[in-house]
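Following full-length UniProt numbering, the numbering of the sequence shown begins with 1 at its first residue and continues without gaps. Backbone N, C-alpha and C define an ideal beta-carbon position, used for all residues, glycine too. In what follows, a single structure is set out as structure tokens and then discussed.
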Amino acid sequence: MTTTHDSGTYRPPAPGRPDIRQRTLRTDRWWLPPLANALGLATFVVYATIRSLWGSAYYVEEYHYLSPFYSPCVSASCIPEASHLGQWFGEMPWFLPYALVSLPFLLGFRLTCYYYRKSYYRAFWSSPPACAVAEPHAKYSGETRFPLILQNAHRYFFYVAFAISILNTYDMVLAFQSTDPVTGETSFGLGLGTLLLLINVIGLWLYTLSCHSCRHITGGRLKHFSKHPVRYKLWTTLSKLNTRHMLFAWLTIGTLILTDFYVMLVASETISDLRIVN
Ligand code: FES
1 MTTTHDSGTY
11 RPPAPGRPDI
21 RQRTLRTDRW
31 WLPPLANALG
41 LATFVVYATI
51 RSLWGSAYYV
61 EEYHYLSPFY
71 SPCVSASCIP
81 EASHLGQWFG
91 EMPWFLPYAL
101 VSLPFLLGFR
111 LTCYYYRKSY
121 YRAFWSSPPA
131 CAVAEPHAKY
141 SGETRFPLIL
151 QNAHRYFFYV
161 AFAISILNTY
171 DMVLAFQSTD
181 PVTGETSFGL
191 GLGTLLLLIN
201 VIGLWLYTLS
211 CHSCRHITGG
221 RLKHFSKHPV
231 RYKLWTTLSK
241 LNTRHMLFAW
251 LTIGTLILTD
261 FYVMLVASET
271 ISDLRIVN
């Protein structure tokens, strides 16, 4: 027996599977999550691309605020004070981001993330668009062939992202200082920008540590948890975080945009930083 779906695609039912002729029997608004995901992810990609290539308003010298999209700033195009790790390259052409050494890895980390994969496969490729909704593609090879087999590199991106999270933490610690523009003296300082950088770093750590690869690194391939009590403890803790990975994925999209946007406003002198301790 053959089946024609309401999309017009001929699809014989697999052996032993029910012969359902509709694309889906769901009557709820199943299309809403993929639509919201598509809008959210597209907004982030557009914003991050524009800001990474903007080339200005990324550092507030007085309060040591460095936008996460510019860390580490290691080219001669960077403001010297923003180059916490020194300047390794000459001037950057306009089409390359100043944080060239970190952004490709962070992009790779997010693109290959288990959650984002589900999210953008559904949102942009309808593969499938939702649970119990047939996808339009006639063939399915999963992630067994090029290019999607490269998704397996996720664990390697994780190691680099972990190191970059340490760097973001260092940037955040530096933001607990303020430098007097007249005397040049540096002392403890705290402003709204510091708090945003702090919240962003906490979010980045939650996202990074709740990664499925991180969970596997700590507790995977163990035959006897009882022989590895420390790893078992770590694994159970990270497993709890892991259940919130989707939440942290979206939370960090929000905190990254918010932190960068605030630094941009203060750095461009559009607004003054709200100081709590000067
Ligand atoms: Fe999402 Fe690793 S960052 S699974």
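Handout entry: N-terminal and C-terminal residue of the alpha helix (DSSP H) that S213 is part of
Key = Counting along the chain, the alpha helix (DSSP H) containing S213 begins and ends at H212 to G219.
Exercise for the section: May I ask you to check if the CB of H228 is nearer than 6 Å to at least one heavy atom of the ligand FES? Expected result: Distances from the CB of H228 to the heavy atoms of the ligand FES are all 6 Å or more.
Problem - Contact test: S119 Cβ vs the ligand FES heavy atom, cutoff 6 Å - result: Judged by the Cβ position, S119 fails to qualify as a neighbour of the ligand FES at the 6 Å threshold, every heavy atom of the ligand being at least this far.
Handout entry: Cβ-based burial, I166 [other Cβ within 10 Å; buried from 16]
Key = Exposed, because fewer than 16 other Cβ atoms sit within 10 Å of the Cβ of I166.
Practice task
Helix, strand or coil for S239, going by three-state DSSP, please let me know.
Solution key: S239: helix per DSSP, three-state reduction.
Practice task
Flag this pair as yes or no: are the beta carbons of Y70 and A99 separated by less than 7 Å?
Solution key: In contact: Y70 and A99 (Cβ atoms closer than 7 Å).
Practice task
Within 10 angstroms of the Cβ of T2, are there 16 or more other Cβ atoms? Answer buried if so, exposed if not.
Solution key: Because the pLDDT of T2 is 42, which lies under 50, any placement of that residue in the model is unreliable, and the number read from its coordinates should be weighed accordingly. Classified as exposed, T2 has fewer than 16 neighbouring CB atoms from the shown chains inside 10 Å of its CB.
Practice task
Go through its chain and collect everything with a Cβ distance to H245's Cβ below 6 Å, but skip five positions before and after it.
Solution key: Only Y115 and S210 meet the Cβ criterion.
Exercise for the section: Helix, strand or coil for G203, going by three-state DSSP, please let me know. Expected result: In the three-state DSSP reduction, G203 falls in the helix class (H, G or I).
Practice task
Tell me whether P80 is buried or exposed, calling it buried when 16 or more other Cβ atoms sit within 10 Å of its Cβ.
Solution key: Around the CB of P80, fewer than 16 other CB atoms lie within 10 Å, so the residue is classed as exposed.
Exercise for the section: At 3 residues or longer, and completely inside the segment 152-179: list those beta strand (DSSP E) runs for me, N to C. Expected result: Correct list: 177-179.
Problem - Status (buried if at least 16 other CB within 10 Å, exposed otherwise) for D6 - result: Caution is warranted here: a pLDDT of 47 is assigned to D6, below 50, making its placement in the model unreliable, and the coordinate value is therefore given only provisionally. D6 is exposed by the Cβ-count criterion.
Problem - Short Cβ contact (7 Å threshold) for T252 with Y207 - result: A Cβ-Cβ contact shorter than 7 Å links T252 with Y207.
Problem - Ranges of the alpha helix (DSSP H) found wholly within the segment 240-274, counting only runs of at least 4 - result: As far as the segment 240-274 is concerned, its whole alpha helix (DSSP H) runs of at least 4 residues are 245-267.
Exercise for the section: Starting from the Cα of T194, find the closest Cα among G90, L222, S178 and Q22 and give me that residue. Expected result: For T194, the closest C-alpha among the options G90, L222, S178 and Q22 is that of S178.
Practice task
Check whether the Cβ of H212 sits closer than 6 Å to any heavy atom of the ligand FES, and report yes or no.
Solution key: Answer for H212: yes, Cβ within range of the ligand FES.
Problem - Exposure label - G86; buried when at least 16 CB within 10 Å - result: Exposed.
Handout entry: Burial state of V277 (16 or more Cβ within 10 Å)
Key = Exposed is the call here.
Problem - Between the CA atoms of S141 and I149 - distance to the nearest angstrom - result: Distance from the CA of I149 to the CA of S141, rounded to the nearest whole angstrom, comes to 10 Å.
Handout entry: Supposed close pair V74, F89 - CB separation, criterion 8 Å
Key = Indeed, because the Cβ distance is near 7 Å, the residues count as touching under 8 Å.
Practice task
Taking all protein chains shown into account, decide if L66 is buried (16 or more other Cβ within 10 angstroms of its Cβ) or exposed.
Solution key: Classification of L66: buried, given that the 10 Å Cβ count is 16 or more.
Exercise for the section: Could you tell me if the beta carbon of Y156 falls within a distance shorter than 6 Å of some heavy atom in the ligand FES? Expected result: Checking the Cβ of Y156 against the ligand FES gives no.
Practice task
Have a look at A163, A42 and S77 and flag the residue whose alpha-carbon is nearest the alpha-carbon of Y58.
Solution key: The shortest Cα separation from Y58 among A163, A42 and S77 belongs to S77.
Exercise for the section: Check whether the Cβ of Y115 sits closer than 6 Å to any heavy atom of the ligand FES, and report yes or no. Expected result: Correct: Y115 has its Cβ closer than 6 Å to the ligand FES.
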